[in-house]
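Order-wise, the sequence lines are chains A and B. Letter by letter, the first sequence follows residues 1 to 178 in my numbering. Letter by letter, the second sequence follows residues 179 to 356 in my numbering. Glycine residues also receive a C-beta, built at the ideal position from the N, C-alpha and C atoms. Comments concern the structure below.
2 protein chains.
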Amino acid sequence: MVVHVLRIGHRPARDERVTTHLFLAARAFGASGGTYTGVRDPSVEESVRSVVSDWGGGFSLGFTESWREAIRNWEVAGKVVHLTMYGLPLRQVIEAIRVDPSDKLVVVGGAKVPGEVYGLADWNVAVTSQPHSEVSALAVFLHELHEGRELDAIFEGARLKVVPQDHGKLVEELRRGV
Amino acid sequence: MVVHVLRIGHRPARDERVTTHLFLAARAFGASGGTYTGVRDPSVEESVRSVVSDWGGGFSLGFTESWREAIRNWEVAGKVVHLTMYGLPLRQVIEAIRVDPSDKLVVVGGAKVPGEVYGLADWNVAVTSQPHSEVSALAVFLHELHEGRELDAIFEGARLKVVPQDHGKLVEELRRGV
Numbered sequence: 001m002v003v004h005v006l007r008i009g010h011r012p013a014r015d016e017r018v019t020t021h022l023f024l025a026a027r028a029f030g031a032s033g034g035t036y037t038g039v040r041d042p043s044v045e046e047s048v049r050s051v052v053s054d055w056g057g058g059f060s061l062g063f064t065e066s067w068r069e070a071i072r073n074w075e076v077a078g079k080v081v082h083l084t085m086y087g088l089p090l091r092q093v094i095e096a097i098r099v100d101p102s103d104k105l106v107v108v109g110g111a112k113v114p115g116e117v118y119g120l121a122d123w124n125v126a127v128t129s130q131p132h133s134e135v136s137a138l139a140v141f142l143h144e145l146h147e148g149r150e151l152d153a154i155f156e157g158a159r160l161k162v163v164p165q166d167h168g169k170l171v172e173e174l175r176r177g178v
Numbered sequence: 179m180v181v182h183v184l185r186i187g188h189r190p191a192r193d194e195r196v197t198t199h200l201f202l203a204a205r206a207f208g209a210s211g212g213t214y215t216g217v218r219d220p221s222v223e224e225s226v227r228s229v230v231s232d233w234g235g236g237f238s239l240g241f242t243e244s245w246r247e248a249i250r251n252w253e254v255a256g257k258v259v260h261l262t263m264y265g266l267p268l269r270q271v272i273e274a275i276r277v278d279p280s281d282k283l284v285v286v287g288g289a290k291v292p293g294e295v296y297g298l299a300d301w302n303v304a305v306t307s308q309p310h311s312e313v314s315a316l317a318v319f320l321h322e323l324h325e326g327r328e329l330d331a332i333f334e335g336a337r338l339k340v341v342p343q344d345h346g347k348l349v350e351e352l353r354r355g356v
């Protein structure tokens with residue numbers, strides 16, 4: 001199952017770090033790519049590109065003008081999960097989403113999510129019904145979707161690799177194949 | 179087990195939204211309070227206070243000048259978990275942290291975490307060894323620590339409460355007891 005993250009309504013400056021964190025969390029927890037709408041922001045794209053270049057994997061990030069089109073295009077072959085605190089509790093729906101073999105678009109709001117998104121989504125999922133963060137909602141959703149297996153993921157083509165330590169930091173620099 | 183979150187090195191403006199998201203995630207995933215160091219930021223405090231006032235629970239947020247003192251004070255009676263991509267894999271250590279009955283201080287870095295923190299921590303824990311976000315790291319750590327039970331938490335004294343919907347938004351306004 002391919003998982004792709006759609007971030008709606010990015011505003012440069014104000015959202016820069018949260019959107020960057022969102023896509024880095026998407027990558028770290030097993031999504032294969034992301035798309036955002038709103039206003040194009042080279043600094044987000046550059047931060048994500050730089051992490052992929054150092055730490056590997058195939059995560060790709062794109063921008064599109066229309067969230068509606070992005071969702072409708074996806075729905076031709078895949079299904080849509082919208083993360084919102086107003087949706088159904090995660091544990092009530094996660095099993096159905098997991099066993100559904102189609103690729104998933106995970107839609108994550110920014111400032112204001114148009115009401116239409118709730119209608120277009122196959123599942124509106126609440127990762128708690130409390131206000132917190134799209135970053136935490138996405139990470140916990142993906143962690144549950146993959147049942148924790150994403151924690152063991154290998155990121156191919158990395159230049160850097162952490163060697164886990166109980167106290168301290170150790171980063172290996174890897175030689176890249178040609 | 180009481181869980182408290184310590185955010186090190188907050189910088190107003192640059193970190194405002196990420197730190198706010200961090201403490202809202204702390205609250206939503208079952209921490210009972212937070213403390214931050216760096217530069218004091220009334221807008222973070224006000225955002226968190228406003229969520230607690232609307233959505234309930236007893237989450238409290240404080241500021242302190244010295245992270246070193248905060249950690250050392252905590253260590254008198256509790257233990258310290260430092261979330262860092264350089265630490266030991268979550269699944270390798272979470273069971274030991276879960277069964278240890280002492281209260282936990284979860285330390286989360288900002289821009290630059292002093293090397294001393296790695297030494298002071300009882301556990302340095304990597305929620306993936308990939309760069310992503312302190313917000314996602316904290317949420318997944320707390321979700322694993324509480325084995326998902328935090329998703330069913332009741333927030334006492336809430337003024338607002340979501341009524342989960344498959345498509346749409348429904349928020350109940352509750353009358354407060356005197």
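- PRO89/A - DSSP class collapsed to helix/strand/coil: One-based indexing of the first sequence puts residue 89/A at position 89. If DSSP states are grouped into helix, strand and coil, PRO89/A belongs with the strands.
- Query: For VAL305/B versus VAL318/B, is the C-beta distance shorter than 8 angstroms?
  - Reply: Here the question's residue 305/B lines up with position 127 in the second sequence. Here the question's residue 318/B lines up with position 140 in the second sequence. In this structure, VAL318/B lies closer than 8 angstroms to VAL305/B by Cβ.
- Message: Since GLY288/B and GLY187/B should fall inside the 8 angstroms C-beta cutoff, what is the C-beta to C-beta distance between them, to a whole number of angstroms?
- Response: Here residue 288/B is taken as the residue at index 110 of the second sequence, counted from 1. Here residue 187/B is taken as the residue at index 9 of the second sequence, counted from 1. Rounded, the Cβ-Cβ distance is 3 angstroms, consistent with contact.
- Message: Buried or exposed for ASN251/B, going by 16 or more other Cβ atoms inside 10 Å?
- Response: Numbered from its first residue, the second sequence carries residue 251/B at position 73. It counts as exposed.
- Would you be able to state if there are at least three C-beta pairs under 8 angstroms between the region 307 to 321 of chain B and the region 138 to 154 of chain A? The region 138 to 154 of chain A, when compared against the region 307 to 321 of chain B, does touch it at the 8 angstroms Cβ threshold.
- Under a three-way DSSP split, which group does VAL356/B fall into? Within the second sequence, residue 356/B is the residue found at index 178, counting from 1. In this prediction, VAL356/B scores a pLDDT of 46, lower than 50, which makes its location untrustworthy; the coordinate-derived value is nonetheless stated afterwards. In the structure shown, VAL356/B sits in coil (DSSP, three-state: anything other than H, G, I, E or B).
- Item | Closer than 8 angstroms to chain A by CB, LEU323/B | As a first step, residue 323/B is located in the second sequence; it is residue number 145 there, counting from the start. No, no contact with chain A.
- Item | Whole-angstrom C-beta distance between VAL180/B and SER210/B, which should lie under 8 angstroms | Here residue 210/B refers to the residue found at position 32 when the second sequence is read from its first residue. Here residue 180/B refers to the residue found at position 2 when the second sequence is read from its first residue. Between the beta-carbon of SER210/B and that of VAL180/B there is about 5 angstroms, and that keeps the pair under the 8 angstroms contact cut.
- Task: Between the Cα of ALA206/B and those of VAL313/B, ASP219/B and ARG337/B, spot the shortest distance and give me the residue it belongs to.
- Result: Start at 1 with the first residue of the second sequence, and residue 206/B comes out as number 28. For the residues VAL313/B, ASP219/B and ARG337/B, the minimum Cα distance to ALA206/B belongs to VAL313/B.
- To the nearest angstrom, report how far apart VAL125/A and ARG49/A are at their CA atoms. On the first sequence, position 125 is the one that residue 125/A refers to. On the first sequence, position 49 is the one that residue 49/A refers to. Computed Cα separation, rounded: 29 angstroms.
- Item | Start and end residues, alpha helix (DSSP H) containing ILE249/B | On the second sequence, residue 249/B is found 71 positions in, with the first residue counted as 1. Membership of ILE249/B in the alpha helix (DSSP H) is indicated by the continuous run 245 to 253.
- Between which two residues does the alpha helix (DSSP H) harbouring ALA209/B extend? To locate residue 209/B, count along the second sequence from 1; it is residue 31. Element bounds for ALA209/B: n/a, residue is neither H nor E.
- Task: Tell me THR213/B's beta-bridge partners as DSSP assigns them.
- Result: Translated into positions along the second sequence, residue 213/B becomes position 35. Answer is LEU184/B and GLY240/B, bridged to THR213/B.
- With respect to the alpha helix (DSSP H) encompassing LEU338/B, which residues constitute its N-terminal and C-terminal limits? Residue numbering aside, residue 338/B sits at position 160 when the second sequence is read from its first letter. Careful: LEU338/B lies outside any alpha helix (DSSP H), inside the beta strand (DSSP E) at 338 to 340.
- Query: What number of angstroms, rounded off, separates the C-alpha of PHE333/B from the C-alpha of GLY240/B?
  - Reply: Taking the second sequence and counting its residues from 1, one reaches residue 333/B at position 155. Taking the second sequence and counting its residues from 1, one reaches residue 240/B at position 62. Rounded to whole angstroms, the separation of the alpha carbons of GLY240/B and PHE333/B is 20 angstroms.
- Item | Proximity below 8 angstroms, CB of VAL81/A to CB of ILE97/A | Working through the first sequence from its first residue, we reach residue 81/A at position 81. Working through the first sequence from its first residue, we reach residue 97/A at position 97. In contact: VAL81/A and ILE97/A (Cβ atoms closer than 8 angstroms).
- Please find out if some non-hydrogen atom of the ligand COA comes closer than 7 angstroms to the beta-carbon of LEU268/B. As presented, the structure is devoid of all ligands, the ligand COA included, so that no description of it is given.
- Query: What are the boundary residues of the alpha helix (DSSP H) that VAL291/B is part of?
  - Reply: Within the second sequence, numbered from 1, the residue matching residue 291/B stands at position 113. From DSSP, VAL291/B is part of no alpha helix (DSSP H); its letter is neither H nor E.
- Task: Determine whether the Cβ of VAL17/A lies closer than 8 angstroms to any Cβ atom of chain B.
- Result: If you number the first sequence from 1, residue 17/A lands on position 17. Before going further, note that residue 17/A is Arg rather than Val in the sequence given. Yes, its Cβ sits closer than 8 angstroms to a Cβ of chain B.
- In terms of residue numbering, what span does the beta strand (DSSP E) encompassing ASP351/B cover? The residue you call residue 351/B lines up with position 173 of the second sequence. The sequence shown places Glu at residue 351/B, not Asp. Unbroken beta strand (DSSP E) run through GLU351/B: 349 to 351.
- Endpoints, the alpha helix (DSSP H) within which ALA357/B is located: Outside the shown range of chain B, which is 179 to 356, sits residue 357/B, and nothing can be said about it.
- Task: Please classify SER244/B: is it buried, with 16 or more other beta-carbons within 10 angstroms of its beta-carbon, or exposed?
- Result: Counting from 1 along the second sequence, the entry for residue 244/B is found at position 66. Burial call: exposed.
- Query: What number of angstroms, rounded off, separates the C-alpha of ASP219/B from the C-alpha of LEU200/B?
  - Reply: Taking the second sequence and counting its residues from 1, one reaches residue 219/B at position 41. Taking the second sequence and counting its residues from 1, one reaches residue 200/B at position 22. So the alpha carbons of these two residues sit roughly 14 angstroms apart.
- Does the beta carbon of ASN302/B come closer than 8 angstroms to any beta carbon on chain A? Taking the second sequence and counting its residues from 1, the one referred to as residue 302/B is at position 124. By this cut-off, ASN302/B is an interface position.
- Task: Check each candidate in GLY119/A, VAL108/A, ASP15/A and ALA26/A and name the one with the smallest Cα separation from ALA153/A.
- Result: As a first step, residue 153/A is located in the first sequence; it is residue number 153 there, counting from the start. The shortest C-alpha separation from ALA153/A is found at ALA26/A.
- According to the Cβ coordinates, are THR262/B and THR242/B closer than 8 angstroms? In the second sequence, the residue the question calls residue 262/B occupies position 84. In the second sequence, the residue the question calls residue 242/B occupies position 64. Contact annotation: THR262/B and THR242/B have beta-carbon atoms that are not nearer than 8 angstroms.
- Message: Is there a C-beta anywhere in chain B that falls below 8 angstroms from the one on MET1/A?
- Response: Start at 1 with the first residue of the first sequence, and residue 1/A comes out as number 1. Not one beta carbon of chain B lies nearer than 8 angstroms to the beta carbon of MET1/A.
- Leaving aside the five residues before and after PRO180/A along the sequence, list all residues of the same chain whose C-beta is less than 7 angstroms from its C-beta, in chain order. With chain A represented from 1 up to 178, any question about residue 180/A goes unanswered, as that position is not in the structure.
- Query: What did DSSP end up calling VAL127/A once you bin it into helix, strand or coil?
  - Reply: Within the first sequence, residue 127/A is the residue found at index 127, counting from 1. Judged by DSSP in its simplified three-state form, VAL127/A adopts coil rather than helix or strand.
- Message: What residue range does the alpha helix (DSSP H) around GLU46/A cover?
- Response: Here the question's residue 46/A lines up with position 46 in the first sequence. Unbroken alpha helix (DSSP H) run through GLU46/A: 42 to 55.
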